[in-house]
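Have a look at the structure below before the remarks.
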Amino acid sequence: MGNYDFTTRPNRLDQFTYKWQSSEQNPELLQMWVADMDFLPHPDIKAAIEAYASEHVFGYNYFSDALYQSVIDWEKDQHGYAINKEDILFIDGVVPSISVAIQSFTEKGDAVLINSPVYYPFARTIKLNDRQLVENSLQIVDGRFRIDFEQLEKDIVDNEVKLYVFCSPHNPGGRVWSRDELTQVAQLCQKHGVILVSDEIHQDLALFGNRHISLNTIDPSFKDFTIILGSATKTFNIAGTKNSFAIIQNESLRKSFQRTQLANNQHEVPTIGMVATEAAFNHGKAWLEEFRHVIEENINLVCEELESKTKIKVMKPEGTYLVWLDFSAYGIAQPDLDETLRQKAKVVLNDGAHFGKEGKYFARLNVATPKTTVQEALDRIVSVFGRD
Numbered sequence: 001m002g003n004y005d006f007t008t009r010p011n012r013l014d015q016f017t018y019k020w021q022s023s024e025q026n027p028e029l030l031q032m033w034v035a036d037m038d039f040l041p042h043p044d045i046k047a048a049i050e051a052y053a054s055e056h057v058f059g060y061n062y063f064s065d066a067l068y069q070s071v072i073d074w075e076k077d078q079h080g081y082a083i084n085k086e087d088i089l090f091i092d093g094v095v096p097s098i099s100v101a102i103q104s105f106t107e108k109g110d111a112v113l114i115n116s117p118v119y120y121p122f123a124r125t126i127k128l129n130d131r132q133l134v135e136n137s138l139q140i141v142d143g144r145f146r147i148d149f150e151q152l153e154k155d156i157v158d159n160e161v162k163l164y165v166f167c168s169p170h171n172p173g174g175r176v177w178s179r180d181e182l183t184q185v186a187q188l189c190q191k192h193g194v195i196l197v198s199d200e201i202h203q204d205l206a207l208f209g210n211r212h213i214s215l216n217t218i219d220p221s222f223k224d225f226t227i228i229l230g231s232a233t234k235t236f237n238i239a240g241t242k243n244s245f246a247i248i249q250n251e252s253l254r255k256s257f258q259r260t261q262l263a264n265n266q267h268e269v270p271t272i273g274m275v276a277t278e279a280a281f282n283h284g285k286a287w288l289e290e291f292r293h294v295i296e297e298n299i300n301l302v303c304e305e306l307e308s309k310t311k312i313k314v315m316k317p318e319g320t321y322l323v324w325l326d327f328s329a330y331g332i333a334q335p336d337l338d339e340t341l342r343q344k345a346k347v348v349l350n351d352g353a354h355f356g357k358e359g360k361y362f363a364r365l366n367v368a369t370p371k372t373t374v375q376e377a378l379d380r381i382v383s384v385f386g387r388d
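For the sequence shown, UniProt numbering begins at 1 and goes up steadily by one.
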């Protein structure tokens, strides 16, 4: 056993936990969906929050130099990305950042592109902001997602796309995009005058020897049209503390983003989010290394069990703790698939159709939980979808 406890599953019932809410009415259900973790909190983050609670008044705070430096040091150490304090804008979440970017750089009716299937708030946010949603379908080649760049350029040109919301690493497919793929994405945006918003919230969760590359580290010219969105929240399971950051190195883009933030009154972040983020980046490296190993073992277990005992195809992720499962061999599409998993297997996964039309035979499994829980979920799924 390592230095941290990844074997205890904390009780999350009756704590207003969104992920486990339906288990409060039906305790038989095993929740393997929402992308937060069922592990004990990082002890240093917990200690920092407890110290804040015991020593401070809960009033308005400012962003400390130490908080900025924790982000700067983390990006440099973990991703080779050299940024300055003025490049960083704090905001309460990555999805709110997408809203701000859409409002800052497009007008109502403008076309905004995503790769589908993808994290479902992307499409929702675009449509609720009265923009035209353009969905570029990802292709499954050799068991992993690929971008059809010829079709991507056609979609950009035909729809006069103004902004592209890109997911890197990809959710739900777990792709850690290669340098060549990222370069092609950025060059198409550069060629056609498209603002590129890169959601890199899973940047720290590259697995199995894969390496995340931040778009702005590839070519200095990409900084003129690219906004990088990041956070400690997904890496260290502190989403409820509400803090993220946009890295915007082009001054004009940054000022426009800031103006929209202020117009929406989104220029403040809960102090607990600042405290948790700083503690995570300053003290989280060893925990993260151990966590990645735990997740790799859990993913390998999913692949071994489902591929040997069922007809479910597993898209083995190169990053994240999310696994995209293909149930098409059973001919059960969503929402019937989701209902079968809930009613018969007593396991709650994410409905694949929520991520796009390509996901109607799919479900997303979260493996950020002790291995015993993963095994229990797999046993339940096999009991319903086993080969025999």
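Cβ atoms here follow ideal geometry from the backbone N, Cα and C, with glycine treated the same way.
Just so it is clear, the structure is predicted and the values come from calculations on it, not from any experiment.
Buried versus exposed, by CB contacts within 10 Å (16 or more), residue i
| i | result |
| --- | --- |
| Asp73 | exposed |
| Gln25 | exposed |
| His212 | buried |
| His293 | exposed |
| Tyr18 | exposed |
| Gly173 | buried |
| Glu304 | exposed |
| residue 398 | For residue 398 there is no data in the structure shown, the boundaries of the chain being 1 and 388. |
| Gln343 | exposed |
| Asp336 | exposed |
| Asn243 | buried |
| Ala82 | exposed |
| Gly80 | exposed |
| Lys76 | exposed |
| Asn136 | buried |
| Lys108 | exposed |
| Pro96 | buried |
| Leu13 | exposed |
| Leu322 | buried |
| Lys154 | exposed |
| His56 | exposed |
Beta-ladder partner(s) of residue i, from DSSP
| i | result |
| --- | --- |
| Glu135 | Ile114 |
| Thr226 | Leu196 |
| Ser244 | Ile91 |
| residue 438 | Since the first residue of the chain shown is 1 and the last is 388, residue 438 is not available in this structure. |
| Cys303 | According to DSSP, which records beta bridges pairwise, Cys303 is partnered with nothing at all. |
| Gly2 | Per DSSP, none; premise fails for Gly2. |
| Cys167 | Asp199 |
| Gly386 | Thr310 |
| Gly319 | Ala206 |
Residue i in three-state terms, based on DSSP
| i | result |
| --- | --- |
| Lys313 | strand |
| Val298 | According to the sequence displayed, residue 298 carries Asn and not Val. Note: Asn298 maps to helix in three-state DSSP. |
| Asn282 | helix |
| Phe362 | strand |
| Leu207 | coil |
| Gly143 | coil |
| Lys371 | helix |
| Tyr18 | helix |
| Lys162 | strand |
| Asp326 | strand |
| Leu30 | strand |
| Ala345 | helix |
| Gln258 | helix |
| Val8 | The sequence as given places Thr at residue 8; Val does not occur at that position. Of the three classes helix, strand and coil, the one that applies to Thr8 here is coil, per DSSP. |
| Glu376 | helix |
| Ile126 | helix |
| Met274 | helix |
| Leu40 | coil |
| Leu13 | coil |
| Asp148 | coil |
Option in the options with minimal Cα separation from residue i
| i | options | result |
| --- | --- | --- |
| residue 389 | Lys223, Phe362, Thr320 and Asp38 | Outside the modelled stretch of the chain, which goes from 1 to 388, sits residue 389, for which no answer is possible. |
| Cys167 | Phe145, Lys76, Leu306 and Ala239 | Phe145 |
| Ile114 | Thr271, Lys127 and Val71 | Lys127 |
| Ala123 | Gly356, Glu107 and Tyr361 | Gly356 |
| Thr202 | Val71, Ser231 and Asn216 | The question names Thr, but residue 202 is His in the sequence shown. Checked all of Val71, Ser231 and Asn216; the closest Cα to His202 is Ser231. |
| Glu297 | Lys371, Lys313 and His267 | Lys371 |
| Asn250 | Pro43, Ser70 and Asp87 | Asp87 |
| Phe105 | Asp180, Ile227, Glu75 and Ser54 | Ile227 |
| Trp177 | Ile91, Ile299, Glu318 and Ala239 | Glu318 |
| Ala66 | Gly352, Glu289, Gln375 and Glu278 | Glu278 |
| Asp92 | Glu307, Asp14, Thr241 and Gly359 | Thr241 |
| Ala280 | Ile49, Glu200 and Leu29 | Ile49 |
Whether residue i touches residue j by CB criterion (8 Å)
| i | j | result |
| --- | --- | --- |
| Asp158 | Gln78 | no |
| Ala101 | Leu163 | yes |
| Leu378 | Ala363 | no |
| Phe225 | Ile195 | yes |
| Gly386 | Lys309 | yes |
| Leu133 | Val112 | yes |
| Lys85 | Tyr62 | no |
| Val302 | Val367 | yes |
| Asp36 | Ala276 | no |
| His283 | Asp44 | yes |
| Leu182 | Glu200 | no |
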